[in-house]
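Here is the structure we will look at, set down as C-alpha cells.
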Ligand SMILES: Cc1ncc(COP(=O)(O)O)c(C=O)c1O
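Residue numbers (this note's numbering): 2 to 448.
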C-alpha cells in the first residue's frame, strides 16, 4: 500500500478509462476530453488556463456565479468545526436556521422542509410524502401519479416514472406502476418564438380531467410538473396552464407538486417560480441553487397540513420512515446559509427580473441564424432549438457543444439538439451580449 500522503496512483498518468461519465457520450469524450479545473464568477478555467464563459450556470445551479468567497469561506469554516452530525434523531442549530429561511421564501403555508441531497432524491421524497399523507388521511387507494411528457424529474425510479423523456425511461423496465402522463404543452406550429409564457396551450391542462375520468380521482395521489420544463430544452408553461392544474387538483383532492429544482432561487425571477405564476402548490422540490451548486443539497417544502397530518401517534414514534444519511449535512447547510445571504445581499432575484428583458432580446436576436428553429426565453433561461441533421438526432447538438467549448470558449448545455442558456444571475449586460455573440458565431460555424 502506498503511504497515505501520496495521491492515488493508477500507474497510467492521464488514463481516462476508469471513469464512466454520467449522461455523457463517453467514447467521444475520451477521444477529446473537455476538462475543467477551476472557476471564478462567470467563467470556467481549463487546465491549460483558458477562460470559458459559463452560459448555463454549470447545470443550472451556480446562480450567484462561481467560487463566491462568502460561500467558500462558510464551507471551509464548517468543515473544520463539524464534519458530520447524524441526520436522524439529532440536528445542528444551523439546519433550523436554513429551514426557517426557506420557509420564509416559499409561497403560502409551505413552511416545512425535508432535506435530501439531489434533485432526484427530492422528487422521490415528495412522491413518498404524497403517498404517506393520503394513507394517513384514510385515502390509501390514492397511489397513482400523473407526470407529463417531456418532463424531467431526475433519475431515481420515482422520477423516471413520472418523467417524460423517452431516453431516460426506455432502458429501465416497468418503473413504478400506476403512473400516467399529461401531454406536452409544446406545439411549435402554435407557439414558436414566444417570449415568456406562450398564449396557446392552456387547454392542454384539461387533459387532466380526462385522466381523472379514466382512473378516478380516488386513485390519484399527486400531479407533478416542472413549472418551466428545463432539461427537455426550456419549455415555459402556457398562460393560465398552471393555475388550471391547481384548480383541477384542488377540486379532486389531488396533491400538486412543483419540481423547482431548476426554476428555484431566482432563475425565473422570484425565490420560487410558483410566486411568479401565482400558484401555491402542495409541495415544492428544490436543489441546485440552494447551495449555488457548491455542496450537494436538495429538499422538499411542504404545506402545513401535510406536516401536521404526520404529527400523530405516540410522541416517541418516528412519524415518517424516510431520510438520508446526509440529509441536512453540516457542509451543505453552511453553503446554503451563505448562498441565501449572497442572493439577498446582492438582490440577485430582483436582478434576474431586471435582466430578463435584455436577456430575452439578446436570445431572440438569434432568430433567422443558421439551423435555428425556435427560441423560448423565460426568466433567465432560454431554449434555442436547432434543426436536427436528418437521421442523426443529437449529432448537431453534440457538435455545437464541442465547438462551443473548444473554438468559442463558451460552455452551453445541450438537450439533444436544443441549446439551453441560463447564465449566472450576476451576469452583466455585456456578459449577455458576449453569450449571444459567441452563440451566433457558433451557429455560423456548424455544418
Ligand atoms: C426539474 C428537475 N428535477 C430533478 C432533477 C434531478 O436533480 P439531480 O440531478 O440533482 O438528481 C433535475 C436535474 O436537472 C431537474 O431539472
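Ideal Cβ positions, reconstructed from N, Cα and C, are used throughout, including at glycine.
Hey, which unbroken runs of the beta strand (DSSP E) at 3 residues or more fall wholly within the region 321-381? Look at the region 321-381 and you find these whole runs of beta strand (DSSP E), each 3 residues long or longer: 373-379.
Measure the beta-carbon distance from residue 151 to residue 102 and round it to whole angstroms, keeping in mind my assumption that it falls under 8 Å. Contact between residue 151 and residue 102 does not hold, since the beta-carbon distance rounds to 33 Å and is not under 8 Å.
Verify whether the separation of the beta carbon atoms of residue 239 and residue 278 is less than 8 Å. Result no, Cβ atoms of residue 239 and residue 278 do not sit closer than 8 Å.
Go to residue 250, then tell me how far its alpha helix (DSSP H) extends in each direction, as first and last residue. Its alpha helix (DSSP H) spans residues 242-252.
Pick helix, strand or coil for residue 435, following the three-state DSSP scheme. Residue 435 falls in the helix class under three-state DSSP.
Count the C-beta pairs between the region 277-297 and the region 254-266 that are closer than 8 Å, then say yes if the count reaches three, no if not. With the cut-off at 8 Å, the region 277-297 and the region 254-266 touch.
Paired residues, beta bridge with residue 302 - DSSP: Bridge partners of residue 302: 114, 285.
Identify, in the order they occur along the chain, each residue of the same chain with its Cβ nearer than 6 Å to the Cβ of residue 59, setting aside the five sequence neighbours on each side. Excluding positions up to five away in sequence, the list reads 294.
Can you tell me which of 72, 359, 289, 217 puts its alpha carbon nearest to the alpha carbon of residue 197? In this structure, 359 is the residue among 72, 359, 289, 217 with its C-alpha nearest to the C-alpha of residue 197.
Distance between beta carbons of residue 215 and residue 249, contact taken as under 8 Å: Residue 249 to residue 215, Cβ: 14 Å. No contact.
Helix, strand or coil for residue 154? Go by DSSP, reduced to three states. Coil, per DSSP.
Sorry if obvious, but does the Cβ on residue 372 come closer than 7 Å to a heavy atom of ligand 1? Taking 7 Å as the cut-off, one finds no heavy atom of ligand 1 near enough to the beta carbon of residue 372.
Taking 7 Å as the cut-off, is the beta-carbon of residue 46 closer than that to any non-hydrogen atom of ligand 1? Checking the 7 Å criterion, the Cβ of residue 46 is out of range of every heavy atom belonging to ligand 1.
Buried versus exposed call for residue 322 [16 or more other C-beta atoms within 10 Å across all chains shown]: The Cβ neighbour count for residue 322, taken over all protein chains shown within 10 Å, is under 16; the residue is labelled exposed.
In the DSSP assignment, what residue or residues form a beta bridge with residue 257? DSSP lists 224 as partners of residue 257.
Tell me which same chain residues have a C-beta within less than 6 Å of the C-beta of residue 390, skipping the five on either side of it? If we look at residue 390 and ignore the five residues flanking it on each side, its Cβ neighbours are 396, 397.
Give the single residue among 386, 182, 369 whose Cα lies nearest to the Cα of residue 377. Minimum Cα distance to residue 377 is reached at 386.
Own chain partners of residue 44 with C-beta closer than 8 Å, once the 5 adjacent residues on each side are dropped: So the qualifying residues of the chain are 52, 53, 54, 55, 67.
First and last residue of the beta strand (DSSP E) that includes residue 143? Per DSSP, residue 143 belongs to no beta strand (DSSP E) and is neither H nor E.
For residue 183: DSSP bridge partner residues: Its beta-bridge partners are 149.
With respect to the beta strand (DSSP E) encompassing residue 53, which residues constitute its N-terminal and C-terminal limits? Segment 52-55, the beta strand (DSSP E) holding residue 53.
Any heavy atom of ligand 1 inside 7 Å of the beta-carbon of residue 160? Relative to the non-hydrogen atoms of ligand 1, the Cβ of residue 160 comes within a distance shorter than 7 Å of at least one.
Exposed or buried, residue 95, counting other C-beta atoms within 10 Å across all chains shown (16 or more means buried)? Buried is the call here.
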